[in-house]
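Asker: Have a look at the structure that comes next, please.
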Amino acid sequence: MGENKALMLLSGKPLIQRVLERVKPIAEELFIVTNDIASFTFLGEKAVIDSIPDKGAIGGLYTAMDVSSNDYVAVVACDLPFVNTAILKKGLELLANSDADVAIPKTGPDFYEPLHAVYRRDTCKKAIYHAISLDQRRLVSWLPHVKVIELDFLLYRELDPSGLAFLNVNTKDDFLKAEKIIEAN
């Protein structure tokens, strides 16, 4: 789309602001991982630069683990305007009551939502760093090396009956669809 998607207006608000407004009520600690801190100062939230630059989204995921002071870290993409906090809270509950390291929605046979998931910081930080050291850039490339709880379709649909939690806005058509949903509600 040729511009910073996080800052694009969705029904009058920057996309990232919509995401932050949804997750802020459940967050003990909130920060934005970016390569352009200045663009996000207007939000009044802490913004941090990637700890390991030029690694893409997996570098951002590592940075979240590196910067957070909490044992558990919920990671959410800036392009999920309907992020569902009930799914995040359920992931946290499942991790806190198990020895698992990741609670992640599984939305297809081999498809996960790593940017709408909850992570045990220390274990995941090490596994993500190892993946980066091997130049693996896929956000889920390191999952086989940790204990994973998959939030299956039945569970996340129960928590997200609208089915909108994982609606990313990547194209102008996606933006139009999201705007129609917002205006209808």
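Here the working numbering is used: the first residue of the sequence shown is 613, the next is one more, and so on.
Idealized CB from N, CA, C, for every residue including glycine.
Would you decide whether K658 is buried or exposed? Buried here means 16 or more other CB atoms lie within 10 Å of its CB.
Answerer: By the neighbour-count rule (16 or more Cβ atoms within 10 Å), K658 is not buried but exposed.
Asker: Do I661 and E715 come within 7 Å of each other at the CB atom, strictly closer than that value?
Answerer: The question names Glu, but residue 715 is Ala in the sequence shown. Their beta carbons are not under 7 Å apart, which means A715 does not touch I661 by this criterion.
Asker: Pairs of beta-carbons, one from the stretch 628–637 and one from the stretch 674–684, closer than 8 Å: are there three or more?
Answerer: Segments in contact, no.
Asker: Can you list, in chain order, the stretches of the beta strand (DSSP E) that have 3 or more residues and sit fully within the stretch 628–710?
Answerer: Taking only runs of at least 3 residues, the beta strand (DSSP E) segments lying wholly in the stretch 628–710 are 643–646, 658–661, 684–688.
Asker: Using the three-state DSSP reduction, which class does A796 fall into: helix, strand or coil?
Answerer: DSSP places A796 in helix when its eight states are reduced to three.
Asker: CB-CB under 6 Å to W754, same chain, minus the five flanking residues each way: which ones, in chain order?
Answerer: These residues qualify, in order along the chain: A739, I740, A743.
Asker: Using DSSP with H/G/I as helix, E/B as strand and the rest coil, what is K738?
Answerer: Looking at K738 - three-state DSSP - the assignment turns out to be helix.
Asker: Do A712 and K759 have their C-beta atoms closer together than 7 Å?
Answerer: Contact: yes.
Asker: So what's A715 in DSSP terms, helix, strand or just coil?
Answerer: Strand.
Asker: What's the call for R749, buried or exposed, on a 16-neighbour Cβ count within 10 Å?
Answerer: By the neighbour-count rule (16 or more Cβ atoms within 10 Å), R749 is not buried but exposed.
Asker: Would DSSP call A777 helix, strand or coil?
Answerer: Looking at A777 - three-state DSSP - the assignment turns out to be coil, as it is neither helix nor strand.
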